[in-house]
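Notes follow the structure.
2 protein chains.
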Amino acid sequence: MGLRQDVDVIVFDTFGTVVDWRGTIIRDFSAWGKKNGFELDWADFADRWRADYDPQKGRVRRGEIPWTPLDELNRQSLIKVMTQLGLSFSEQQIHYLNGVWSRLDPWADSVEGLYRLKKDFVIGPLSNGNVAMLLRMARHSNLPWDHMFSCEIYRHYKPDPETYLGVCETMRLAPERVMMCAAHNYDLSAARKCGLKTAFILRPTEYGENQTTDLEPTEDWDVVASGITGLADALHE
Amino acid sequence: MGLRQDVDVIVFDTFGTVVDWRGTIIRDFSAWGKKNGFELDWADFADRWRADYDPQKGRVRRGEIPWTPLDELNRQSLIKVMTQLGLSFSEQQIHYLNGVWSRLDPWADSVEGLYRLKKDFVIGPLSNGNVAMLLRMARHSNLPWDHMFSCEIYRHYKPDPETYLGVCETMRLAPERVMMCAAHNYDLSAARKCGLKTAFILRPTEYGENQTTDLEPTEDWDVVASGITGLADALHE
């Protein structure tokens, strides 16, 4: 394919593409709930929490509120869900629960795939997560990133072009030397508009068994793979 | 000493503290000169190049020129030295020579020391080098950084307080939870004024055999060690 020679850096969407946020939240909070006396439908809790993510990012992207790191946006959303459901967690409990974004487990293929890719490419998350969150997650889940290309560094959330172009500027590379890898078509579409190469990873259960979005590529992305090991296979062909 | 429990992140000055810039430039350029027909006193060349580093940074720090990444400042200084010495390198040769800052060899203790520290602390360079330069250096010299806390991210050169406080803000940590490690007293002095902990590494030949500066600690730094393995020993006591 020649892509191995044509690309120097691969940046990854993280939540959903590299780590399983929904599965981890359900497992982590179920275990925590048992110990702490909260019996809840944690899948519903995770979905409600996630549902407030795009609106929160939107407020930052439209300039309605100043730049706010994701762990603070998540914390505000968590408190909103807690209030909706009539729950009352202590400050310490909120701190623990919100920290789950640094405890997210990788999909089964992620760690092996990243180690293989790291041999030939600079790799890093281009995630809406802030640097400290991504760093703790990397250490928790053994993700061998070279550098956290966090949206926090560019003070813009994806899919703002400042994020994709920010990586190119940081690396002093033309956009076509950088590849964006994501399980979400909208993210790749925005990256392609900036001139980056694109890799789509199929994650059909990110939102659970009844997922309806991102079940297939909506454009002719440069690579389509069923996991990060599949991306490594494609780039090493 | 209790420091192991009191510190979460250690950031390192890089040029001189982790890698031997002067020795590498002399070795690298001597080999290159032989192949390319340039016979020169490369130690003198390295010293002249380095002598323009502080004035260049100063122009940025005083706002005389806008933020400029270090690889561009270095390139301008390299051309200045070339002109002083009546030399004429091609664009391609200048590109190769300026790239030496990404090929710098670590001191003998650096890699082992960093691997040991990484087990218990988040580690990264807080270097005037830009992210791309530090990333290439890390891959060249096997430096296991968690993240590049480059001054480029904070758009300020050391010893501006925005750099040290920037790391604390990125990590959402109080300054006393962060340690600055450097072979240069001025760097630690500026970090201490911001509230960071400090570690002095003795590098008595950074500037060659006749070095006159930084041969001893000028304040009671939290740790004083003769290498990065020594810092690991001190923190694991």
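Residue numbers (numbering that gives the first Met the number 0), protein chains in the order written: chain Z, 0 to 236; chain E, 0 to 236. Glycine is no exception: its CB is placed at the ideal position from the N, C-alpha and C atoms. All values derive from a computational prediction rather than experimental measurement.
Chain Z partners of residue i, CB-CB under 7 angstroms?
i: D159 of chain E; result: Simply none; closest approach about 18 angstroms.
i: D186 of chain E; result: Ordered by position in chain Z, no residue passes the 7 angstroms Cβ test against D186 of chain E, which lies about 22 angstroms from the chain.
Residues of chain Z with CB closer than 8 angstroms to the CB of residue i, please, in chain order.
i: M179 of chain E; result: The premise fails here: M179 of chain E is roughly 18 angstroms from chain Z at the closest Cβ pair, so nothing lies under 8 angstroms.
i: I152 of chain E; result: I152
How big is the Cα-Cα spacing for residue i and residue j?
i: S149 of chain Z; j: M170 of chain Z; result: 14 angstroms
i: K237 of chain E; j: I152 of chain Z; result: In the structure as shown, chain E begins at 0 and stops at 236. Residue 237 of chain E is therefore absent and cannot be evaluated.
i: P160 of chain E; j: A190 of chain E; result: 7 angstroms
i: K118 of chain E; j: T211 of chain E; result: 35 angstroms
i: N127 of chain Z; j: Y52 of chain Z; result: 10 angstroms
i: T217 of chain E; j: F44 of chain E; result: 30 angstroms
i: G32 of chain E; j: F88 of chain E; result: 11 angstroms
i: D232 of chain E; j: R3 of chain E; result: 11 angstroms
i: Q55 of chain Z; j: A198 of chain E; result: 41 angstroms
i: G320 of chain E; j: R60 of chain Z; result: The requested residue 320 of chain E does not occur in the structure, where chain E is confined to residues 0 to 236.
i: E71 of chain E; j: I64 of chain E; result: 12 angstroms
i: R154 of chain E; j: W66 of chain E; result: 6 angstroms
i: R26 of chain E; j: G226 of chain Z; result: 44 angstroms
i: Y114 of chain Z; j: G62 of chain E; result: 42 angstroms
i: N97 of chain E; j: N35 of chain E; result: 16 angstroms
i: T162 of chain E; j: L134 of chain E; result: 18 angstroms
i: L253 of chain E; j: E90 of chain Z; result: No answer is possible for residue 253 of chain E: it lies beyond the span of chain E, which begins at 0 and ends at 236.
i: I200 of chain Z; j: R58 of chain Z; result: 28 angstroms
i: G192 of chain Z; j: V130 of chain Z; result: Contrary to the premise, residue 192 of chain Z reads as Lys rather than Gly in this sequence. When rounded, the distance between both Cα atoms is 25 angstroms.
i: E236 of chain Z; j: E168 of chain Z; result: 29 angstroms
i: F120 of chain E; j: F37 of chain E; result: 45 angstroms
i: I78 of chain E; j: G1 of chain Z; result: 36 angstroms
i: L230 of chain Z; j: Q83 of chain Z; result: 41 angstroms
i: L174 of chain Z; j: N209 of chain E; result: Looking at the sequence itself, residue 174 of chain Z is Pro, so the reference to Leu does not match. Spanning the two alpha carbons is a distance of roughly 46 angstroms.
Would you mind stating whether residue i and residue j have Cβ atoms separated by less than 8 angstroms?
i: G207 of chain E; j: A42 of chain E; result: yes
i: D12 of chain E; j: H183 of chain E; result: yes
i: P105 of chain E; j: V10 of chain E; result: no
i: R202 of chain E; j: T16 of chain E; result: yes
i: V166 of chain Z; j: V8 of chain Z; result: yes
i: W220 of chain Z; j: L187 of chain Z; result: yes
i: M147 of chain E; j: W100 of chain E; result: no
i: T23 of chain E; j: R74 of chain E; result: no
i: T228 of chain E; j: D108 of chain E; result: yes
i: V80 of chain Z; j: W48 of chain Z; result: yes
i: L142 of chain E; j: L234 of chain E; result: no
i: L195 of chain E; j: M179 of chain E; result: yes
Name the chain E residues whose beta carbon is nearer than 7 angstroms to that of residue i?
i: R171 of chain Z; result: A131
i: H146 of chain Z; result: V130, L134, H146 and M147
Given that residue i touches chain E, what residues does it touch there, using C-beta distances under 8 angstroms?
i: V121 of chain Z; result: L134 and R138
Across which residues does DSSP place residue i in a beta bridge pair?
i: I227 of chain E; result: DSSP, once it has assigned bridges, lists no residue as partnering I227 of chain E.
i: K196 of chain E; result: E:M178
i: I122 of chain E; result: E:I9
i: F14 of chain E; result: E:V18
i: P105 of chain Z; result: Z:V18
i: V130 of chain E; result: Answer by DSSP bridge pairing: none, since V130 of chain E is not bridged.
i: V222 of chain Z; result: Z:A198
From this set, the options, which residue's C-alpha is nearest residue i's C-alpha?
i: M136 of chain E; options: E:W20, E:R3, E:R154 and E:R176; result: E:W20
i: L39 of chain Z; options: Z:Y185, Z:F120 and Z:G85; result: Z:G85
i: I122 of chain E; options: E:R176, E:H94, E:L72 and E:T82; result: E:R176
i: A30 of chain Z; options: Z:L77, Z:Y95 and Z:G57; result: Z:Y95
i: A181 of chain Z; options: Z:E168, Z:P174, Z:E215 and Z:L172; result: Z:E215
i: I237 of chain E; options: E:K192, E:E236 and E:F28; result: In this structure chain E extends from 0 to 236, so residue 237 of chain E is not present and cannot be described.
i: S140 of chain Z; options: Z:V110, Z:E168 and Z:P174; result: Z:V110
i: D5 of chain E; options: E:F14, E:L172, E:S76 and E:Y185; result: E:L172
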